[in-house]
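Residue numbers (numbering that gives the first Met the number 0), protein chains in the order written: chain A, 0 to 224; chain B, 0 to 422. Where is the CB? At the ideal position from N, CA and C, for every residue including glycine. First comes the structure, then the notes that go with it.
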Amino acid sequence: MKILIIEDEQELRKSIKQYLYQEGYIVESASDFPIGSEKVNDFDYDCVLIDITLPGGNGLEIIKQLKESNSKAGIIIISAKNSLTDKITGLDLGADDYLPKPFHLSELNSRIKALLRRKNFEGSKTIIFNEITIIPEERKVKVNNNEIDLTAKEYDLLLFLIVNKNKVVSKNAIAENLSGDFASFSNSHDFIYTHLKNLRKKLEEQGCKDYIQSIYGIGYSFKTL
Amino acid sequence: MSLIKKTILYYLLLSLPLLLIAGFISYFLIQNDVRESTDESLWKEKLNAEKIIKSWKEPQTYYLSSDSLSKIIVENTNTKGHFYSDTILFDKSEQENINYRVLYNYSQINNVNYQITIIRSSLESDELTDGLLFTLSLILGFLVISFFFANLIFSKILWKPFYKTIEKLNSYDIKQNTLAEFETSSINEFKKLNEALTTMTNKIYSDYNHLKEFSENASHEMQTPLAVIKAKLELLIQSQNLREQEMQQIQAIDDSVNKLSALNKALVLLTKIENNQFVNLSKISIQKVIDVQLLNFESFIQNKNITIQKDYQNEIIVEMNATLCDILIANLLQNAIKHNIDGGSINIIIEKNKCNIVNTGLVLNAIPVELFERFKKNDSSKDSLGLGLSIVKSIIDRYSFNINYKYEMGVHSVSVLFANDIS
């Protein structure tokens, strides 16, 4: 899986690169419009992360360029401008997702995985991990081949933890993933705990091992090692 | 006092002394003229009298008028020449004093000395004064009336561009995103005024836009370093050799970054609402929006064991921007959930064009009206940004809706009156 990051802020570029590299992707980066445009032209990528405001040009132009060359790459816009018009224009041009800054790397990772899955780049649309099978298209989860009945939030929570497996995922990141803009609720951490407790119980009922570890109360980690 | 009234007043104040002076001057001039002509006719009569005397064979006393005042008498003095004098006599028939002009003439005709007295009633000074006063007040009256009407007409014509300019200024709203345009006038002063106003409003307009752009850009630019901090923190917590205390400090930083970012987003949103950047209108059912938003908040509602009661008596359909409607309802519901108590309740009542959201909650320590101001919040809610209700307020103001907030005995109730209900 090859990913290109087109982002002018060096430290952000480095951080994204590091996180995705740990996830096993081949990651390349471009710091401005001309380099980004050139790389997109010269190489094939499975996923391209594009910042809209770039030195030397508009990131939206790169999306146009990708679409004109019939690229199959998934496109995610990462923009500091949380602007509806930019989002709509970007998606209209053929971008697959729009992630406003600042974002959690775990969220970016989960968006990339979902995109690659939708594009069927990883060969299968289901996520299989030991006794757990997730069928994202149907939002179904099976443990030891027995379907378990999860609420929407429990399903999202499991999926988010599993795509970021072996990473420490903070409660803030989970809250944002589950409730989007409403993550600022003061009791959001309590409610993550409630959902997690229920999820664990449902998984254990079907004989699933407890993979989810609490990390010093600041977050959780889906440990497979 | 209007300009016209003031102008008339000043004209009158100025014309009063002018008329008085003119009155005095004309009084003396007229008096002088009248005297001269009286004297002239007295002289003519004297000449006539002398002719009569010349025709006499012997001297005698002769009355020239029936009242025996004008007369010729034989006088044994050597005085010669003539003089005029004024005298006042009582007139019996009219029962009043009358002014007379008298010519005394001493002449020697046929070696006899005669005194010729010729008397004539002259113009009375009080009559002259009365006449003059009457004429002058008449003139004054005419002046007032003509000033008034002339000014009325002139102001309609001359001041028209001025009033147009004022009207333009009054109706000008910088948020409409248009430049103020003033008509050109053929009157130099107004032309200059309009030019000055155009320059000024254009300057204000461009300054306003620069400021707007600046605050938008500043907020956007802030998101990038925040993104860096957030990303670095996330990489940091992946580290295997961090102790619990360090992890918790990292979480505190992450919380603050999130808060800063949320604050920033809320401020950008406020700016956008105030700058009128949500323009697309659509017809929206308030009930549907409430139901959708309640679904979004479902887990929070369940988490707090809040009971929701809906009482929809009719449907409210408003024409507004869909995003803003979502934000409005979401903010109101969010408040009702956030400031609720465990096991509390929320009643949503819709009747006519009014939507009431009534919820249980803790005692309110802040002044209700102040909650709609930026960064004002009830001190019991430390985690909130204090911008939710000001966002609500700016949306409400944007569409001229009405919002009311009441707190009574542990029950908070917010009611929104939708002005343009079109159902």
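Within chain B, partners of residue i - CB distance below 8 angstroms
i	result
LEU11/A	THR223, ALA226, VAL227 and ALA230
ASP189/A	ASN302
ILE214/A	ILE236 and MET246
8 angstroms contact criterion, which residue i and residue j should meet: CB distance rounded
i	j	result
GLY218/A	VAL167/A	5 angstroms
ARG119/B	THR60/B	Not confirmed; about 20 angstroms, so no contact.
GLY343/B	ILE305/B	5 angstroms
ASN165/A	SER220/A	7 angstroms
SER109/A	VAL47/A	Contact flag wrong, Cβ pair sits at about 17 angstroms.
LEU424/B	LEU41/B	Nothing can be reported for residue 424/B: it is not among the residues displayed for chain B, which extend from 0 to 422.
TYR311/B	ILE349/B	5 angstroms
LEU158/A	ILE133/A	6 angstroms
LEU416/B	PHE400/B	6 angstroms
ASP45/A	GLY23/A	Between GLY23/A and ASP45/A the Cβ distance is about 12 angstroms, and since that is not below 8 angstroms, they are no contact.
ILE356/B	LEU331/B	5 angstroms
GLN64/A	SER36/A	6 angstroms
ILE117/B	GLU49/B	With 8 angstroms as the limit, ILE117/B and GLU49/B do not qualify as a contact, their Cβ atoms being about 11 angstroms apart.
GLY58/A	ILE76/A	7 angstroms
Contact list for residue i against chain A, beta-carbon separation under 8 angstroms
i	result
SER260/B	PRO101
VAL256/B	PRO101
THR322/B	LEU83
Chain B contact residues for residue i, given Cβ-Cβ distances below 9 angstroms
i	result
LYS152/A	GLU297 and SER298
GLY218/A	ILE236, MET246 and GLN250
ILE62/A	Those do not exist, as ILE62/A stays about 19 angstroms from chain B at its closest Cβ, beyond 9 angstroms.
Delimiting residues of the alpha helix (DSSP H) encompassing residue i
i	result
SER109/A	104-117
LYS16/A	9-21
THR116/B	Unbroken run through THR116/B is the beta strand (DSSP E), 111-120; no alpha helix (DSSP H).
ARG229/A	Outside the modelled stretch of chain A, which goes from 0 to 224, sits residue 229/A, for which no answer is possible.
TYR10/B	2-54
LEU63/B	Counting along the chain, LEU63/B falls outside any alpha helix (DSSP H), and DSSP gives it neither H nor E.
LEU262/B	243-273
SER281/B	That residue, SER281/B, is in no alpha helix (DSSP H); its beta strand (DSSP E) goes 281-284.
ASN176/A	170-178
Sequence-distant residues of its chain with Cβ nearer than 7 angstroms to residue i (five each side left out)
i	result
ILE394/B	ILE272, LEU323, ILE326 and LEU327
LEU192/B	THR164
LEU235/B	ILE249
GLN222/B	SER260 and ASN263
ALA335/B	ILE345, ILE356 and ASN358
LYS86/A	TYR97
Residue i - containing beta strand (DSSP E), residue span
i	result
GLN308/B	306-311
ALA226/B	No beta strand (DSSP E) holds ALA226/B; the alpha helix (DSSP H) holding it covers 187-236.
SER412/B	410-416
LEU387/B	Here residue 387/B turns out to be Gly, not Leu, going by the sequence shown. Run containing GLY387/B: none in the beta strand (DSSP E); it sits in the alpha helix (DSSP H), 387-397.
PHE159/A	Run containing PHE159/A: none in the beta strand (DSSP E); it sits in the alpha helix (DSSP H), 151-162.
ASN75/B	Here ASN75/B belongs to no beta strand (DSSP E), and DSSP marks it neither H nor E.
PHE161/B	Taken as a continuous stretch (DSSP letters only), PHE161/B belongs to no beta strand (DSSP E), being part of the alpha helix (DSSP H) at 159-170.
ASN104/B	95-108
ILE173/B	First-last for ILE173/B: undefined, no H or E at that position.
ASN145/A	145-147
Proximal residues to residue i (C-beta, below 6 angstroms), its chain only, five neighbours per side dropped
i	result
GLU130/A	VAL142, ASN143 and CYS207
ILE173/A	ILE191
GLN114/B	ILE72, GLU74 and TYR105
ASP253/B	LEU232
TYR154/A	ARG138
7 angstroms Cβ cut-off: residues of chain A touching residue i
i	result
HIS219/B	ALA79 and LYS80
ASP325/B	Neighbours of ASP325/B on chain A: none; closest Cβ ~10 angstroms, over 7 angstroms.
ASP253/B	SER169 and ASN171
GLU243/B	TYR215
Interface residues of chain D facing residue i [CB-CB closer than 9 angstroms]
i	result
GLU8/A	The structure shown has no chain D; the protein chains it does contain are A and B.
Under 7 angstroms from the C-beta of residue i: neighbouring residues of chain B
i	result
ILE49/A	Result: empty, since nearest Cβ-Cβ is about 14 angstroms, beyond 7 angstroms.
ILE15/A	ALA230
LYS166/A	GLN237
THR193/A	ASN302
Other residues of its chain near residue i: CB distance less than 8 angstroms, five sequence neighbours each side excluded
i	result
LEU195/A	LEU156, ILE211 and TYR219
ARG373/B	LEU269, GLY385, LEU386 and SER389
LEU149/A	VAL140, LEU157, LEU198 and LYS201
PHE189/B	PRO160, PHE161 and THR164
MET246/B	ILE236
ILE423/B	Residue coverage of chain B in this structure runs from 0 to 422, which leaves residue 423/B outside it and unanswerable.
TYR10/B	LEU142 and PHE146
Contacts that residue i makes with chain A (C-beta to C-beta distance below 9 angstroms)
i	result
GLU233/B	SER14, TYR18, HIS103, LEU104, SER105, LYS166, VAL167, VAL168, SER169 and ALA172
*3 or more residues per run - each beta strand (DSSP E) lying fully within the stretch 182-221 of chain A*: 211-214 and 218-221
_My parser needs the beta strand (DSSP E) runs of 3 or more residues fully inside the stretch 296-369 of chain B; what are they?_
306-311, 316-319, 344-350 and 353-359
_Complete alpha helix (DSSP H) runs within the stretch 26-108 of chain A (minimum length 4 residues, chain order)_ = Listed in chain order, the alpha helix (DSSP H) elements of length 4 or more contained wholly in the stretch 26-108 of chain A are 32-41, 58-67 and 83-92.
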